[in-house]
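Asker: What follows is a structure written as structure tokens; I'll ask about it next.
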Amino acid sequence: TQSLFGLSVERAEPDRVTDAVAHNIAAQQHVDGAWYRFSILRPPTADSGFSTTAFALRALRDYGSPARKAEMDERIAKAAQWLMKNEPSTTEDSVMQLLGVKWAGVSGAPIDRVGKRLLGLQRQDGGWAQTPYLKSDAYATATALYALKESGAPGAEGAYKKGVAYLLSTQAEDGSWYVASR
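Note that our numbering gives residue 94 to position 75 of the sequence shown, counting from 1, and the numbers run on in steps of one.
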């Protein structure tokens with residue numbers, strides 16, 4: 020799913036390979052609308068249904084077979100419903116919930132609600148932490164900022180500026196950021 024996300028970001032044209040992968044992804048959707056995992060659970064990017072469901076619906080949106088458009092639209096809508104009704108437990112979950120509902124074409128009050136949840140996780144230092152028990156870090160902060168920008172979540176301007184300031188203040192001399200492994 021993340022491979023098709025990368026191709027989508029690069030605006031790669033659909034082909035036989037993307038058709039086959041999208042077909043396989045569609046076949047693995049659960050009855051409740053979610054995808055839970057495709058391979059190894061690897062925190063933070065692939066340790067919950069939020070990440071896999073958001074990336075899977077994006078893959079179907081961008082690479083689902085045009086001949087199966089009605090089916091793909093139904094699968095995407097079902098995935099968006101799953102994302103909206105479940106409670107995230109980590110920042111990554113909240114990020115992927117917001118991105119997933121946006122990628123599914125949801126707008127209005129649901130986006131506002133999910134965006135406010137992510138905004139509410141911002142720390143006093145301007146950053147976001149991966150879990151409630153960890154310190155703010157560059158990964159959680161950058162992904163939160165990406166989701167807020169991508170979704171157009173209302174009221175995010177001030178939080179965005181504070182998040183960027185956090186990133187700039189924690190950047191190492193060599194231009195990198197240290198993020199402790201979970």
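Virtual Cβ for every residue (Gly too), placed ideally from N, Cα, C. Please read all numbers here as calculations on a predicted model, not as lab measurements.
Among Ala45, Ala99, Gln116, Ser155, whose alpha-carbon lies nearest the alpha-carbon of Lys181?
Answerer: Residue mapping note: residue 181 aligns to position 162 of the sequence shown, counting from 1. Looking at the Cα atoms, Ser155 is the closest of the given residues.
Asker: Is it the case that the Cβ atoms of Leu118 and Ala157 are separated by a distance below 7 Å?
Answerer: For the purposes of this step, residue 118 is taken as the residue at position 99 of the sequence shown. For the purposes of this step, residue 157 is taken as the residue at position 138 of the sequence shown. Result no, Cβ atoms of Leu118 and Ala157 do not sit closer than 7 Å.
Asker: If we count the other Cβ atoms within 10 Å of its Cβ and call it buried at 16 or more, is Pro63 buried or exposed?
Answerer: The count along the sequence shown starts at 1 and reaches residue 63 at position 44. Answer is buried; the Cβ neighbour count reaches 16.
Asker: Tyr82: buried (16+ other C-beta within 10 angstroms of its C-beta) or exposed?
Answerer: Here residue 82 corresponds to residue number 63 of the sequence shown, with the count starting at 1. Buried: at least 16 other Cβ atoms inside 10 Å.
Asker: Within this structure, are the beta carbons of Pro129 and Val120 separated by less than 7 Å?
Answerer: The count along the sequence shown starts at 1 and reaches residue 129 at position 110. The count along the sequence shown starts at 1 and reaches residue 120 at position 101. Yes, they are a contact pair.
Asker: Please report the straight-line C-alpha distance between Met91 and Lys97, rounded to a whole angstrom.
Answerer: By 1-based counting over the sequence shown, the position of residue 91 is 72. By 1-based counting over the sequence shown, the position of residue 97 is 78. Going by the C-alpha atoms only, they are around 10 Å apart.
Asker: From which residue to which residue does the alpha helix (DSSP H) around Thr189 run?
Answerer: For the purposes of this step, residue 189 is taken as the residue at position 170 of the sequence shown. Where Thr189 is concerned, the enclosing alpha helix (DSSP H) stretches over 176-189.
Asker: Using DSSP with H/G/I as helix, E/B as strand and the rest coil, what is Ala199?
Answerer: The sequence position of residue 199 within the sequence shown is 180, counting from 1. Coil.
Asker: Are Gly68 and Ala46 touching if we call contact CB-CB under 7 Å?
Answerer: Taking the sequence shown and counting its residues from 1, the one referred to as residue 68 is at position 49. Taking the sequence shown and counting its residues from 1, the one referred to as residue 46 is at position 27. No, Cβ-Cβ distance for Gly68 and Ala46 is not below 7 Å.
Asker: Residues in its own chain within less than 6 Å of Glu111 by CB, not counting five upstream and five downstream?
Answerer: Position 92 of the sequence shown, counting from 1, holds the residue named residue 111. Cβ within range, chain order: Pro63.
Asker: Starting from Thr109, follow the alpha helix (DSSP H) in both directions and report where the run begins and ends.
Answerer: Taking the first residue of the sequence shown as position 1, residue 109 is located at position 90. No alpha helix (DSSP H) contains Thr109, which DSSP labels as neither H nor E.
Asker: Return the chain-ordered ranges of every alpha helix (DSSP H) run that is complete within the stretch 103-167 and spans a minimum of 4 residues.
Answerer: Counting whole runs of 4 or more residues, the stretch 103-167 contains the alpha helix (DSSP H) stretches 110-122, 128-138.
Asker: Name the two residues that bound the continuous alpha helix (DSSP H) containing Ser21.
Answerer: Reading the sequence shown from its first residue, position 2 is the one you call residue 21. In the sequence as presented, Ser is not what sits at residue 21; that position holds Gln. Start and end: 21-28.
Asker: Among Gln116, His42, Ser113, which residue has its Cα nearest to the Cα of Ala86?
Answerer: If you number the sequence shown from 1, residue 86 lands on position 67. Taking only the C-alpha atoms, the option nearest Ala86 is His42.
Asker: Could you say which of Lys104, Asp144, Glu93 lies nearest to Val133 if we only look at CA atoms?
Answerer: Along the sequence shown, read from residue 1 onward, the residue named residue 133 stands at position 114. Among Lys104, Asp144, Glu93, the Cα nearest to that of Val133 is on Lys104.
Asker: So, is Leu187 buried or exposed, given that buried needs 16 or more other C-beta atoms within 10 angstroms?
Answerer: For the purposes of this step, residue 187 is taken as residue 168 along the sequence shown, with counting starting at 1. It is exposed - the Cβ of Leu187 has fewer than 16 other Cβ atoms within 10 Å.
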